[in-house]
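Asker:
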Amino acid sequence: MSVDLNNKYGHITISNEVISTIAGGAAVECYGIVGMASKNQIRDGLSEMLRKENFSKGVVVRQDEDRLHIDMYIIVSYGTKISEVAHNVQSQVKYTLNKTIGLSIDSVNIFIQGVRVTSE
Amino acid sequence: MTLQKLDGKTLAEMILQGAHHLKQNSQMIDALNVFPVPDGDTGTNMNLSMTSGAEEVRMVDQNHAGIVSKSLSKGLLMGARGNSGVILSQIFRGFSKVVEEKETLTTKDFSDALQGGVTTAYKAVMKPVEGTILTVAKDAAEASVDLAEQESDFIPFVEGVVAAAKESLKRTPDLLPVLKEVGVVDSGGQGLVTIYEGFLANLKGEELPDIDDTVSMDDMVSAEHHKLAQDFMNTEDIEFGYCTEFMVKFEEDKLAETPYDEDEFRNQLSEIGDSLLVVSDEDLIKVHVHAEYPGEAMTLGQKYGSLINMKIENMREQHTSIVGKKKKDKPKSNQKAEYGIVTVSMGEGIKKLFESLGATVVIQGGQTMNPSTQDLSEAIKEAHAKRVLVLPNNKNIVMAAEQAAEIAEDEVVVIPTKTIPQGMSALLGFNPEADLMTNKDEMISLMSVVKTGQITYAVRDTQIDGLNIEKDHFMGIADGKISSTDQNALTTAKTLLKQMIDENEDEILTILTGEDVEDEDVTELEEYLEETYEDLEVEIHVGGQPIYSYIFSIE
Numbered sequence: 001m002s003v004d005l006n007n008k009y010g011h012i013t014i015s016n017e018v019i020s021t022i023a024g025g026a027a028v029e030c031y032g033i034v035g036m037a038s039k040n041q042i043r044d045g046l047s048e049m050l051r052k053e054n055f056s057k058g059v060v061v062r063q064d065e066d067r068l069h070i071d072m073y074i075i076v077s078y079g080t081k082i083s084e085v086a087h088n089v090q091s092q093v094k095y096t097l098n099k100t101i102g103l104s105i106d107s108v109n110i111f112i113q114g115v116r117v118t119s120e
Numbered sequence: 001m002t003l004q005k006l007d008g009k010t011l012a013e014m015i016l017q018g019a020h021h022l023k024q025n026s027q028m029i030d031a032l033n034v035f036p037v038p039d040g041d042t043g044t045n046m047n048l049s050m051t052s053g054a055e056e057v058r059m060v061d062q063n064h065a066g067i068v069s070k071s072l073s074k075g076l077l078m079g080a081r082g083n084s085g086v087i088l089s090q091i092f093r094g095f096s097k098v099v100e101e102k103e104t105l106t107t108k109d110f111s112d113a114l115q116g117g118v119t120t121a122y123k124a125v126m127k128p129v130e131g132t133i134l135t136v137a138k139d140a141a142e143a144s145v146d147l148a149e150q151e152s153d154f155i156p157f158v159e160g161v162v163a164a165a166k167e168s169l170k171r172t173p174d175l176l177p178v179l180k181e182v183g184v185v186d187s188g189g190q191g192l193v194t195i196y197e198g199f200l201a202n203l204k205g206e207e208l209p210d211i212d213d214t215v216s217m218d219d220m221v222s223a224e225h226h227k228l229a230q231d232f233m234n235t236e237d238i239e240f241g242y243c244t245e246f247m248v249k250f251e252e253d254k255l256a257e258t259p260y261d262e263d264e265f266r267n268q269l270s271e272i273g274d275s276l277l278v279v280s281d282e283d284l285i286k287v288h289v290h291a292e293y294p295g296e297a298m299t300l301g302q303k304y305g306s307l308i309n310m311k312i313e314n315m316r317e318q319h320t321s322i323v324g325k326k327k328k329d330k331p332k333s334n335q336k337a338e339y340g341i342v343t344v345s346m347g348e349g350i351k352k353l354f355e356s357l358g359a360t361v362v363i364q365g366g367q368t369m370n371p372s373t374q375d376l377s378e379a380i381k382e383a384h385a386k387r388v389l390v391l392p393n394n395k396n397i398v399m400a401a402e403q404a405a406e407i408a409e410d411e412v413v414v415i416p417t418k419t420i421p422q423g424m425s426a427l428l429g430f431n432p433e434a435d436l437m438t439n440k441d442e443m444i445s446l447m448s449v450v451k452t453g454q455i456t457y458a459v460r461d462t463q464i465d466g467l468n469i470e471k472d473h474f475m476g477i478a479d480g481k482i483s484s485t486d487q488n489a490l491t492t493a494k495t496l497l498k499q500m501i502d503e504n505e506d507e508i509l510t511i512l513t514g515e516d517v518e519d520e521d522v523t524e525l526e527e528y529l530e531e532t533y534e535d536l537e538v539e540i541h542v543g544g545q546p547i548y549s550y551i552f553s554i555e
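If you read the sequences in order, they're chains A and B.
Using the UniProt record's numbering, the letters of the first sequence map in sequence onto residues 1 to 120.
Using the UniProt record's numbering, the letters of the second sequence map in sequence onto residues 1 to 555.
1) Would you report the Cα separation of residue 204/B and residue 154/B, rounded to the nearest angstrom?
2) Shorter than 7 angstroms from the beta carbon of residue 73/A to some beta carbon of chain B?
3) Kindly identify the DSSP beta-bridge partner or partners of residue 67/A.
4) Taking the straight line between their C-alpha atoms, what separation do you get for residue 492/B and residue 498/B?
5) Measure from the C-beta of residue 88/A to each C-beta in chain B and report whether the shortest distance is under 7 angstroms.
6) Is there contact here, the region 249 to 265 of chain B with the region 310 to 319 of chain B, by at least three beta-carbon pairs under 8 angstroms?
7) Step through the CB atoms of chain B and report whether any lies within less than 7 angstroms of the CB of residue 85/A.
8) Here's the rule: buried if 16 or more other CB atoms are within 10 angstroms of the residue's CB, otherwise exposed. What is residue 17/A?
9) Let me check understanding here. Comparing Cα to Cα, which of 427/B, 118/B, 523/B lies closest to residue 341/B?
10) Just the C-alpha distance for residue 550/B and residue 181/B, rounded to the nearest angstrom, thanks.
11) At 7 angstroms on the CB atoms, spell out the chain A contacts of residue 588/B, in chain order.
12) Expressed to the nearest angstrom, what Euclidean distance is found between the alpha-carbon atoms of residue 121/B and residue 554/B?
13) Can a CB atom of chain B be found closer than 7 angstroms to the CB of residue 20/A?
14) Let me confirm a value: residue 213/B is counted as buried when at least 16 other C-beta atoms fall within 10 Å, else exposed. Which label applies?
15) Using a Cβ cut-off of 7 angstroms (strictly closer), state whether residue 87/B contacts chain A.
16) Decide yes or no for the touch test of the region 409 to 429 of chain B against the region 67 to 79 of chain B: beta carbon pairs closer than 8 angstroms, at least 3 of them.
17) Can you tell me whether DSSP reads residue 116/A as helix, strand or coil?
18) So what's residue 222/B in DSSP terms, helix, strand or just coil?
19) Would residue 113/A count as contacting chain B if we go by Cβ distances under 7 angstroms?
20) Go through its chain and collect everything with a Cβ distance to residue 418/B's Cβ below 6 angstroms, but skip five positions before and after it.
21) State the CB to CB distance for the pair residue 65/B and residue 103/B, rounded to an integer number of angstroms; the pair is presumed to be in contact (CB under 8 angstroms).
22) The alpha helix (DSSP H) with residue 35/A in it runs from where to where?
23) Give the secondary structure of residue 488/B by DSSP, where H, G and I count as helix, E and B as strand, and everything else as coil.
24) How would you list, in chain order, the residues of chain B whose beta-carbon sits under 9 angstroms from the beta-carbon of residue 34/A?
25) For a contact meaning CB atoms closer than 7 angstroms, what does residue 92/A contact in chain B?
26) Counting along the chain, where does the alpha helix (DSSP H) carrying residue 387/B start and finish?
27) Would you decide whether residue 93/B is buried or exposed? Buried here means 16 or more other CB atoms lie within 10 Å of its CB.
28) Anything in chain A within Cβ reach of residue 129/B, meaning under 9 angstroms, just list it in chain order.
29) Indicate whether residue 75/A and residue 37/A have their beta-carbon atoms separated by less than 7 angstroms.
30) CB residue 137/B to CB residue 164/B, shorter than 7 angstroms?
31) How about residue 83/B: is its C-beta nearer than 7 angstroms to some C-beta of chain A?
Below, the structure written as structure tokens:
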């Protein structure tokens, strides 16, 4: 599945992989999120934090007619206000995708898959 | 007064004043917000977070520093809003972890706590972005280590921390390119500095101005001084028209002839003016006087020595322009207009032309001085309209304008005009009755009809588009492409026009003359055009723009 954009010179196809990598990259720049997690924790290993090239495992791009929805699976830092971190991720992802590929996202759903507790 | 031990009560008061100071400045911080998402809410978010923290602190009735900081941390966590709010909550969470057992704090404890805050704050992020509030917190904490070793008194200690935070804030544009591009410091960092400033002010028992401006003392004095004049006077009432300042450097031989007597000198001056100030030491006299004939005051001074650092300002002029400005500002309080137009120009003449074409706000800017997103945002606000059209008139400003449009509260549309002529013809398509999108379409279509020619000079030798261009020679630019060059501006202009004008299609040529253009050149060009292009209608305006000797608009 992919996203198609048309202009007067022809058309541009952007694969979901690209969208999920950009979305993942934007998300990890947000404060309070310590990593992306796999959407399929049982199969991919519970505690595994995804590396950049694997962001697509933690980001699902769904297309519903011409509306785009993104599901993101993230790990947040212990002691942060989780709802606020999630909200920041939503706005950051929406903004970045709009800036870089001009895509307007209808919804960004956040699934908190883990909380990282660091020794303090 | 020295303060070696910080107790819970003092800490609580510091926090409350920090929160208050942040609140006072939150709008300014909003305006700085371009990162990570330029939505202009950092100040608001930080303020809401900090207010929640302060509320918790207010409820503490124990004089225990650890408990106070813990309640701040709790309040911040509950009230955290936005990225910067979450970071702030982490900074003080780490802070309180370090001092939770302590009833009073030494500067060393405080420094440890600041560092603990930084550690915690950095832990909670996968990829810390430098040039943000994190960096400011880190630099301030690092500076505090040395300071704590040297200072056991809190006032100089916190002073040092604030100074380090401010220094760090200043460097944020070097670390984060997006800040540099827009020309602002990091908004979250500014928020943190504001809180620290509140801490300091509380320790010193000072009132803080609402907005931190770095105006020097001298400027403040003279601003106060002139403010009185503006508010209570009519321009005609100014008796002594010139604000005169000068210094006299004593000279031996002159003093031998006329010994200096301060009282006498002051008396003499008081007869020719008011607002008098005479200060002297062994070498110098400093004089400030408002006089109708500044020369008289100087002649008096010259009896004792030579004059240095002279400055004379016409206060009637200043007053008129300030009063004029005030009058202009007035409509702000009224209802918003339906439409506002913001445009960018260089040169007074072009500004006037734009205003006559209906622009609400014209900001100065152009090739070498691009207005920042903030300048544009302010202009959009100043336009005070429900819907605002922005015409940047330069391709380097289009981006900033779009960013300003995005963060504006009003409906704002950018017409991507790249040249002054494009901006002018786009303006002609404006219809106050039509809706925003219709106007946008119409203006964009009109903007592409006009051809833009520009004459400017080369700043260095170069070879481009098959032309050899020598430094200081003139270049003719047709719609962004350099197409002719010559050492004479007029010749270049003629060549360029020849290349650009299509006699069958083009009807009107508008010429905007630059600030460096002589009248006779304009006359010569006009005569040449009349002879060469019989059917062409030529309009000449004094544009007064720098850099470009001529701007041509052909349609």
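The C-beta atom is built at its ideal place from N, Cα and C for all residues, glycine as well.
Predicted, not measured: the structure shown is a model, and the values here were computed from it.
Answerer: Considering the structure as presented:
1) The C-alpha of residue 154/B is placed about 10 angstroms away from the C-alpha of residue 204/B.
2) No, residue 73/A lies away from the interface with chain B (no Cβ there is under 7 angstroms from its Cβ).
3) DSSP, once it has assigned bridges, lists 64/A as partnering residue 67/A.
4) In a straight line, the C-alpha of residue 492/B is about 10 angstroms away from that of residue 498/B.
5) Closer than 7 angstroms to some Cβ of chain B, the Cβ of residue 88/A qualifies, so yes.
6) With the cut-off at 8 angstroms, the region 249 to 265 of chain B and the region 310 to 319 of chain B do not touch.
7) Yes - at least one Cβ of chain B is within 7 angstroms of the one on residue 85/A.
8) Taking every protein chain shown into account, the CB of residue 17/A has fewer than 16 other CB atoms within 10 angstroms, so this residue is exposed.
9) Checked all of 427/B, 118/B, 523/B; the closest Cα to residue 341/B is 427/B.
10) Using only the alpha carbons, I get a separation of about 29 angstroms.
11) The question about residue 588/B has no answer, for chain B in this structure spans 1 to 555.
12) Taking the straight line joining both Cα atoms gives about 59 angstroms.
13) Closer than 7 angstroms: no.
14) Unreliable positioning characterises residue 213/B in this predicted model, as indicated by a pLDDT of 40, which lies under 50. A coordinate reading is not provided.
15) For residue 87/B, at least one C-beta of chain A is nearer than 7 angstroms to its own C-beta.
16) No, the region 409 to 429 of chain B is not in contact with the region 67 to 79 of chain B.
17) Residue 116/A: strand per DSSP, three-state reduction.
18) Residue placement at residue 222/B is flagged as unreliable, the pLDDT there being 34, under the threshold of 50; the coordinate-derived value follows with that caveat. Three-state result, residue 222/B: helix.
19) Output row for residue 113/A: interface = no.
20) So the list reads 395, once near-sequence residues are dropped.
21) The pair is a contact, with the Cβ atoms about 6 angstroms apart (cut-off 8 angstroms).
22) Not the alpha helix (DSSP H): residue 35/A falls in the beta strand (DSSP E), residues 33 to 36.
23) Residue 488/B falls in the coil class under three-state DSSP.
24) The contacting residues are 123, 124, 125, 126.
25) In chain order: 36, 37.
26) Judged by DSSP secondary structure, residue 387/B falls outside any alpha helix (DSSP H) and instead within the beta strand (DSSP E) spanning 385 to 391.
27) When all chains shown are included, residue 93/B counts as buried.
28) The answer, in chain order, is 29, 31.
29) Annotated as proximal: residue 75/A and residue 37/A, with beta-carbon spacing under 7 angstroms.
30) The criterion of a C-beta distance shorter than 7 angstroms is not satisfied by residue 137/B and residue 164/B.
31) Taking Cβ atoms only, chain A reaches closer than 7 angstroms to residue 83/B, which makes this a yes.
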